[in-house]
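Its first residue numbered 0, the sequence shown is counted upward by one per residue in numbering that gives the first Met the number 0.
In what follows, a structure is listed as structure tokens, so that the remarks can point back to it.
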Amino acid sequence: MSQMYKRLEKALACIREKTDMIPKVALVLGSGLEGITDEMEVSAQIPYSGREGMPVSTAPGHTGAFVLGTLEGVPVAVMKGRVHYYEGYSTAETVMGVRLMKMMGAEALMLTNAAGGVNWGFEAGDLMLIRDQICMVPSPLIGENVDELGVRFPDMSEIYSKRFRETVKDAAAEAGVRLKEGVYIQLGGPNYESPSEIRMVRTMGADAVGMSTAAEAIAARHMGLETVGISCISNLACGMSNAPLTHEEVQETANRVSADFRRLVRTSVRMIGGLIG
Ligand code: HPA
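Structural data, given as structure tokens:
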């Protein structure tokens, strides 16, 4: 058995001491987007702690806990805050939470984040459905393969499930939320990009840039966990406006659009919960 699987099993055992709930949908909440847990019927809140072998998040605006309960009647496991590569963890460590939610029983994953808009057609406050991704940090699958979870060389031709993307579009229409669509690129951070780097990633085909999500989506696909992703465009990326970028701006925008974001996520979770039966 791989060292990583042993570590995951230990963390799962710690979670199982506190709740035996089996989630259907797993949800990862990005910067400033954590308020949706207020709309849940919470059955357990389990902070990430070193004791369980889970890496602990240090970024401001990231709480760092699993919240289990129901949202719109659907059993969900929510990561309120995540850990990032720039915090000094390996990408394999940053995806432990997503792997754990699958091991808890989740059958679908919704990833969310705050991201910089790279596409000139975007503006701060837009919500973007992730069509595909470019991962510019090391793969979370580097190292001994976790055979219990998936194969050594997993296919990545449909990282974001086509049917779930259609579902989120339907949810946006029902919730009355305007939804853009595009390609997300994960860079390492923690510094924001230079104007030249933003021109580069636009040339590469990216529409939004951030410091999370892509590695998590790779780990999800590796496990056969059907995935969908939504970015909150919290700012236009570096060089696209005159203002310097700050984390406060990112959080402020996320807070400003949080009502729309919550409606979209809630409606999507209900529809995806119905889809997977
Ligand atoms: N760049 C990288 N990550 C981000 C940004 C950005 O402009 N905004 C929010 N997360």
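A virtual CB, placed ideally from N, CA and C, is assigned to each residue, including glycine.
Treat the numbers as computed from the prediction; the structure is a model and nothing was measured.
Run through DSSP, which three-state label would residue i get?
{"i": "Leu67", "result": "strand"}
{"i": "Tyr183", "result": "strand"}
{"i": "Leu28", "result": "strand"}
{"i": "Ala171", "result": "helix"}
{"i": "Ser233", "result": "strand"}
{"i": "Ile141", "result": "coil"}
{"i": "Ala253", "result": "helix"}
{"i": "Leu11", "result": "helix"}
{"i": "Ala76", "result": "strand"}
{"i": "Met127", "result": "strand"}
{"i": "Ile133", "result": "strand"}
{"i": "Glu165", "result": "helix"}
{"i": "Arg6", "result": "helix"}
{"i": "Asp259", "result": "helix"}
{"i": "Ala242", "result": "coil"}
{"i": "Thr57", "result": "coil"}
{"i": "Glu92", "result": "helix"}
{"i": "His83", "result": "coil"}
{"i": "Ser160", "result": "coil"}
{"i": "Thr202", "result": "helix"}
{"i": "Leu274", "result": "helix"}
{"i": "Arg151", "result": "coil"}
Is the distance from the Cβ of residue i to the Cβ of residue j below 7 Å?
{"i": "Ile35", "j": "Thr166", "result": "no"}
{"i": "Tyr84", "j": "Gly187", "result": "yes"}
{"i": "Val73", "j": "Val24", "result": "yes"}
{"i": "Ser230", "j": "Thr252", "result": "no"}
{"i": "Val27", "j": "Gly68", "result": "no"}
{"i": "Ile217", "j": "Ile184", "result": "no"}
{"i": "Pro22", "j": "Ala105", "result": "yes"}
{"i": "Val182", "j": "Ala219", "result": "no"}
{"i": "Tyr191", "j": "Leu244", "result": "yes"}
{"i": "Ala170", "j": "Thr266", "result": "yes"}
{"i": "Leu70", "j": "Leu126", "result": "no"}
{"i": "Glu225", "j": "Ala76", "result": "no"}
{"i": "Gly52", "j": "Arg6", "result": "yes"}
{"i": "Leu99", "j": "Gly228", "result": "no"}
{"i": "Ser56", "j": "Val94", "result": "no"}
{"i": "Val117", "j": "Arg201", "result": "yes"}
{"i": "Gly63", "j": "Asn254", "result": "no"}
{"i": "Pro139", "j": "Ala91", "result": "yes"}
Can you determine whether any heavy atom of the ligand HPA sits closer than 6 Å to the C-beta of residue i, and answer yes or no?
{"i": "Val117", "result": "no"}
{"i": "Asn234", "result": "yes"}
{"i": "Val208", "result": "yes"}
{"i": "Ala123", "result": "no"}
{"i": "Tyr85", "result": "no"}
{"i": "Val145", "result": "no"}
{"i": "Tyr183", "result": "no"}
{"i": "Tyr191", "result": "yes"}
{"i": "Ala114", "result": "yes"}
{"i": "Val338", "result": "Given that the chain is displayed from residue 0 to residue 276, the structure contains no residue 338 and the question cannot be resolved."}
In the DSSP output, which residue or residues are listed as bridge partners for residue i?
{"i": "Met109", "result": "Leu26, Val227"}
{"i": "Ile45", "result": "Phe65"}
{"i": "Val208", "result": "Gly115, Ile184"}
{"i": "Leu178", "result": "Leu126"}
{"i": "Glu40", "result": "Thr69"}
Give a yes or no on whether the minimum CB-CB distance between residue i and chain D is below 7 Å.
{"i": "Glu173", "result": "Absent here is chain D; the protein component of the structure consists of one chain."}
Any chance the CB of residue i is under 6 Å from a heavy atom of the ligand NAD?
{"i": "Val27", "result": "Among the ligands modelled here, namely the ligand HPA, the ligand NAD does not occur."}
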